[in-house]
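Peer 1:
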């Protein structure tokens, strides 16, 4: 079974721009969660989508948003990029129940200049 | 106080020894506990999960959970140089929101 895939793998943007990242979950998985990893803050939860609805949300500003499509693929968008948004963005998928094991994709490394 | 605490390390053990990694959490409502391994430049990889008090073994790995003490540990037996990585402890209270510790860097010396 193919794992979680994320595109693009690397991205360079400038301050003020916006960016869209994509995630395809493991086949059969209906929940997609997004995380941000930085050296200073570690791994932090952004949000979770299930059945095209945001089910949980972390403590990030409204510039961070996401959506999920009917095939469970998910996108996250960051608008008005700031230097501090430079990070590894990780997507994780799970079957869809509560407190299930999550499997991470390879991540998208975003650099904001 | 952070919700999930881990010693950042590095924890250095000789090849073949037992590596013991520890994690404490502050939310008594936490219900599920996970250990992930992350190699430098890579994404986290699930090693084990545990839901109930006690020990859970999988190959060279044993996870231990003590909810009364709010403590989770991971033992790695017969440590190999390939086990050198950062080990992340994560907990969930409800739903699928993982709260991670800062990770412990493990170095296994040949």
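Chains as they are written, first to last, in my numbering: chain A, 9 to 121; chain B, 4 to 113. Cβ atoms here follow ideal geometry from the backbone N, Cα and C, with glycine treated the same way.
Per DSSP, which one or two residues make a beta bridge with residue 65 of chain A?
Peer 2: For this step, residue 65 of chain A is matched to residue 57 along the first chain. Bridge partners of residue 65 of chain A: A:55.
Peer 1: Please go through the same chain and pick out, in chain order, the residues whose beta-carbon is closer than 6 Å to the beta-carbon of residue 62 of chain A, but skip the five residues on each side of it.
Peer 2: To locate residue 62 of chain A, count along the first chain from 1; it is residue 54. Excluding positions up to five away in sequence, the list reads 55.
Peer 1: With C-beta atoms as the reference, is residue 74 of chain A less than 8 Å away from residue 84 of chain A?
Peer 2: What you label residue 74 of chain A is simply residue 66 of the first chain in a count that begins at 1. What you label residue 84 of chain A is simply residue 76 of the first chain in a count that begins at 1. Cβ atoms of residue 74 of chain A and residue 84 of chain A: closer than 8 Å.
Peer 1: Cα separation between residue 9 of chain B and residue 25 of chain B?
Peer 2: On the second chain, residue 9 of chain B is found 6 positions in, with the first residue counted as 1. On the second chain, residue 25 of chain B is found 22 positions in, with the first residue counted as 1. So the alpha carbons of these two residues sit roughly 6 Å apart.
Peer 1: Contact between the stretch 60-73 of chain B and the stretch 111-120 of chain A: three or more CB pairs below 8 Å?
Peer 2: As far as the Cβ criterion goes, the stretch 60-73 of chain B does not touch the stretch 111-120 of chain A, which means the pair count is below three.
Peer 1: When DSSP labels each residue in this structure, what does residue 50 of chain A get in the three-state scheme?
Peer 2: Looking up residue 50 of chain A in the first chain gives position 42. In this structure, residue 50 of chain A counts as strand in the three-state DSSP scheme.
Peer 1: Taking only beta-carbon positions, decide if residue 73 of chain B is within less than 8 Å of chain A.
Peer 2: Locating residue 73 of chain B in the second chain gives position 70, counting from the first residue. Output row for residue 73 of chain B: interface = no.
Peer 1: With burial defined as no fewer than 16 other Cβ atoms inside 10 Å of the residue's Cβ, what is the status of residue 102 of chain B: buried or exposed?
Peer 2: Your numbering for residue 102 of chain B matches position 99 in the second chain. So residue 102 of chain B counts as buried.
Peer 1: Based on the DSSP output, what are the partners of residue 117 of chain A in its beta bridges?
Peer 2: Looking up residue 117 of chain A in the first chain gives position 109. DSSP output for residue 117 of chain A lists A:18, A:96 as bridge partner(s).
Peer 1: When the distance is taken between beta carbons, is residue 14 of chain A closer than 8 Å to residue 115 of chain A?
Peer 2: Working through the first chain from its first residue, we reach residue 115 of chain A at position 107. Working through the first chain from its first residue, we reach residue 14 of chain A at position 6. In contact: residue 115 of chain A and residue 14 of chain A (Cβ atoms closer than 8 Å).
Peer 1: Could you check whether residue 46 of chain B and residue 98 of chain A sit closer than 8 Å to each other, using their CB atoms as the reference points?
Peer 2: On the first chain, position 90 is the one that residue 98 of chain A refers to. On the second chain, position 43 is the one that residue 46 of chain B refers to. Yes, Cβ-Cβ distance for residue 98 of chain A and residue 46 of chain B is below 8 Å.
Peer 1: So with CB distances below 8 Å, who are the chain B contacts of residue 123 of chain A?
Peer 2: This structure gives no information on residue 123 of chain A, because the portion of chain A shown stretches from 9 to 121.
Peer 1: Residue 52 of chain B and residue 94 of chain B look like a contact to me (Cβ under 8 Å); what is the Cβ gap, rounded to whole Å?
Peer 2: Position 49 of the second chain, counting from 1, holds the residue named residue 52 of chain B. Position 91 of the second chain, counting from 1, holds the residue named residue 94 of chain B. Not quite, the Cβ-Cβ distance comes to about 10 Å (not below 8 Å), so this is no contact.
Peer 1: Leaving out five residues on either side along the sequence, give the residues of the same chain with a beta carbon under 7 Å from the beta carbon of residue 20 of chain A.
Peer 2: Translated into the one-based positions of the first chain, residue 20 of chain A becomes position 12. These residues qualify, in order along the chain: 119, 121.
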